[in-house]
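Taking it in order: structure first as structure tokens, then the write-up.
Number of protein chains: 2
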Amino acid sequence: MSSEVYAARRARLRERCNAGGSAAALVTRPANVRYLAGASPQSAVLLLGERDDLLVCAGPPEDRPYDGRPDDALPVQVLHRPAGDPALAAADIARTRGAESLAVEEHHLTVARHRALASVASRLRLTDLGSAVEQLRVVKDEEEISCLRIGAEIADQALGELLESILVGRTERHLALELERRLVDHGADGPAFPTSVATGPNAGRRGHRPTDRRVEEGDFLSVCLGAAYRGYRCEIGRTFVIGTSPADWQIQLYDLVFTAQRAGREALAPGTVYREVDRAARQVLDAAGYTEGLPPLMGHGVGLEFDEDPQLAPTAMGKLDACVPVTVEPGVHLPGRGGVRIDDTLVVRPEADGGPELLTITTKELLAL
Amino acid sequence: MSSEVYAARRARLRERCNAGGSAAALVTRPANVRYLAGASPQSAVLLLGERDDLLVCAGPPEDRPYDGRPDDALPVQVLHRPAGDPALAAADIARTRGAESLAVEEHHLTVARHRALASVASRLRLTDLGSAVEQLRVVKDEEEISCLRIGAEIADQALGELLESILVGRTERHLALELERRLVDHGADGPAFPTSVATGPNAGRRGHRPTDRRVEEGDFLSVCLGAAYRGYRCEIGRTFVIGTSPADWQIQLYDLVFTAQRAGREALAPGTVYREVDRAARQVLDAAGYTEGLPPLMGHGVGLEFDEDPQLAPTAMGKLDACVPVTVEPGVHLPGRGGVRIDDTLVVRPEADGGPELLTITTKELLAL
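For the protein sequence lines, the chains are P and U, in the order given.
Residue numbers for the first sequence follow the working numbering, beginning at 2 and rising by one.
Residue numbers for the second sequence follow the working numbering, beginning at 2 and rising by one.
Written out as structure tokens, the structure reads:
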């Protein structure tokens with residue numbers, strides 16, 4: 002992205018800070034630093050000043066430090082501090098520039114680090130920046146959405162290739178590693194999050210960590226993966242049946258989760274309250290008697306983090322905007338038997354633009370593999 | 002490990018808390034929770050009471066929640082809180098049990114979470130547990146060391162197999178993924194940290210993230226990997242030359258780093274000050290004129306985290322104990338040309354027991370592949 006994009010983001014944040022009474026802000030959360038400065042080298046922090054912004058990095062400059070970009074290609078001025086916490090150096094710089102207060106990310110800084118900041122800059126009043134940067138990040142521009150779209154294509158490809166291979170007898174761990182290799186083959190930075198492959202009684206468990214269990218005839222197989230592409234992280238989840246003919250209970254459970262997921266997708270529109278999307282999907286599962294053990298949310302935002310605002314949860318009060326990418330991912334897991342999860346990444350779009358844009362296009366028919 | 006081991010660890014921590022004036026403690030850092038409770042399910046926190054300890058988990062109980070162990074196999078009582086932050090629930094329990102103060106991990110809790118804790122339990126005085134658990138974790142028992150030893154064997158095997166394959170023309174990313182697959186093949190939980198493969202001008206860079214650069218004749222190739230085995234994370238790093246005959250500068254640089262690494266290894270003994278180990282390795286590189294751009298430390302502890310106390314750094318004041326596993330990992334990177342890193346995991350042992358125990362036994366001769 003061009004350096005103007007980053008400068009515009011920082012200008013918007015600066016407006017919010019000024020409105021909050023702080024002329025200077027210190028951004029420490031890595032995804033927020035990356036959003037505003039184009040890169041987040043390890044431990045780097047961003048100091049937002051009245052006019053000048055500064056990325057303060059730990060360690061000496063390197064020849065190829067940030068995702069392939071040298072210092073001078075970053076859309077912000079860079080300073081290296083070979084030793085110590087760059088946040089302390091940044092606070093010191095803010096003080097010498099005459100700032101009276103500094104807004105910090107209290108939801109990211111630890112108590113110990115906050116105390117160190119307060120003592121380094123004793124004449125600097127520390128205020129709370131809150132989740133101002135996270136809020137800016139919710140609505141994406143078309144360049145960000147395009148990164149998510151490419152990531153979704155990569156994930157679809159990796160999943161499609163896996164489905165063409167022989168699955169019975171292979172372990173969850175191996176299938177997960179194979180998927181991650183294919184993501185990289187197709188141009189991903191890497192997996193967006195640890196790939197989850199769940200078979201038999203594990204199938205349908207949210208966030209299941211792959212084990213040495215092998216795929217067997219008659220299993221449900223659920224897979225959840227995503228590609229990181231230029232930092233943007235999409236998510237797709239599908240459930241399959243292994244063998245020639247699914248059992249009746251498998252078909253029924255699959256149809257139910259499919260119906261819930263479709264209801265969630267159809268609820269995505271600018272202006273819809275977050276919890277209404279959750280409710281649309283959840284009530285289908287509730288009505289079928291699966292109230293207990295449902296996941297705490299039916300979807301969430303994706304972007305530079307694979308789980309970010311908004312949360313599509315029963316008590317979430319905000320409203321969807323256009324150009325917000327979210328997952329819709331209901332699931333049911335029956336202890337000892339397994340279950341079903343279906344998970345798409347979509348971008349909220351107005352009706353006039355054709356409604357929600359589906360990024361993860363792998364079929365949601367129940368495939369018997 | 003038997004539940005007595007975990008109970009003994011918690012008893013030692015309780016002694017420290019009592020000495021510090023707090024009868025109750027709240028452990029939130031995941032590796033610390035795992036060390037004391039045998040598992041650290043997502044977001045779980047450990048409440049240490051005067052007599053009873055309680056692992057408070059987020060979400061409903063699952064059938065296979067913690068590394069394959071059901072709730073009732075955990076060496077501590079478990080409570081599930083389906084909604085909200087388990088730390089808040091734990092503070093509330095401490096208050097109802099009559100605790101007057103609660104020691105918390107201020108180096109792990111964010112300012113926002115600490116404030117929420119303070120407001121939930123307004124009659125509870127929050128004190129700082131500091132890094133009491135991290136300090137307990139420094140010296141390992143033989144069962145922990147045995148997990149590290151198995152992890153090191155796995156990493157040695159994975160690396161050995163890679164060296165037998167054809168390398169020229171393959172990308173850093175693919176070699177890294179291949180190594181990670183082999184770690185899992187040989188029984189690792191997974192990689193201990195993101196595997197680093199660096200070729201040509203990237204070789205020798207600490208923490209290099211694999212790129213699409215392909216291995217070429219005449220390259221240095223440096224590899225850093227580790228296996229996680231039952232949660233314990235070892236580390237091995239080696240540098241090779243691609244092609245039949247290394248250039249003179251490559252041989253000289255390799256010999257230098259090898260000499261520095263040997264000096265660091267030989268400095269490992271109970272009673273040695275941390276910074277002396279750093280100095281032993283660093284001064285070899287310093288004397289050869291490579292002062293600039295050296296890594297900030299020459300080694301660090303390993304265990305449930307792959308980088309933990311002690312830090313073998315220029316200003317680190319503590320002294321090594323027996324049964325402390327550490328890495329020794331000097332390196333030199335020449336911008337634009339590449340470089341060398343050599344990295345072992347060893348356990349500090351007294352002279353009478355044969356001196357430092359080398360866990361990562363892959364040869365450190367300069368191999369031309």
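We treat Cβ as the ideally placed atom computed from N, Cα and C, and that holds for glycine.
Neighbour list for residue i in chain P, Cβ cutoff strictly below 8 Å
i	result
P297(U)	G60, P83, A84
Interface partners of residue i on chain P, CB under 7 Å
i	result
E107(U)	T111, V112, A113
Proximal chain B residues relative to residue i, where beta-carbon distance stays under 8 Å
i	result
L178(P)	The displayed structure is made up of protein chains P and U, and chain B is not among them.
Any C-beta of chain U under 8 Å from that of residue i
i	result
R280(P)	no
D64(P)	Because D64(P) carries a pLDDT of 48, less than 50, the predicted location of this residue cannot be relied on, and the following value inherits that uncertainty. Answer yes: the Cβ-Cβ gap between D64(P) and chain U drops below 8 Å somewhere.
R17(P)	no
Cβ distance (whole Å) where residue i is taken to contact residue j below 8 Å
i	j	result
V341(U)	T240(U)	4 Å
R214(U)	T200(U)	6 Å
T111(U)	L110(P)	6 Å
Y275(P)	G337(P)	Their Cβ separation, rounded to whole angstroms, is 33 Å, which puts Y275(P) and G337(P) out of contact at 8 Å.
V349(P)	A323(P)	6 Å
R183(U)	L163(U)	7 Å
P297(P)	A314(P)	6 Å
P87(U)	S44(U)	6 Å
A229(U)	P202(U)	Actually they do not touch by this definition, with Cβ atoms about 30 Å apart.
I243(P)	L160(P)	Their Cβ separation, rounded to whole angstroms, is 15 Å, which puts I243(P) and L160(P) out of contact at 8 Å.
I155(P)	A177(P)	With 8 Å as the limit, I155(P) and A177(P) do not qualify as a contact, their Cβ atoms being about 16 Å apart.
L1(U)	L14(U)	The structure shown has nothing for residue 1(U), since chain U only spans 2 to 370.
A95(U)	L103(U)	5 Å
L18(P)	A12(P)	In the sequence under discussion, the amino acid at residue 18(P) is Cys, which differs from the Leu named in the question. About 11 Å separates the two Cβ atoms, so there is no contact after all.
Residues that DSSP places opposite residue i in a beta bridge
i	result
K320(P)	V274(P)
C58(U)	H81(U)
A353(P)	In DSSP, A353(P) forms no bridge with anything.
L48(P)	L27(P), L55(P)
H334(P)	G340(P)
S223(U)	A199(U), T240(U)
G302(P)	E309(P), V327(P)
S102(P)	R126(P)
R234(U)	A229(U)
| For the segment 150-174 of chain P, which residues have a CB atom closer than 7 Å to at least one CB atom of chain U, in sequence order? | R174
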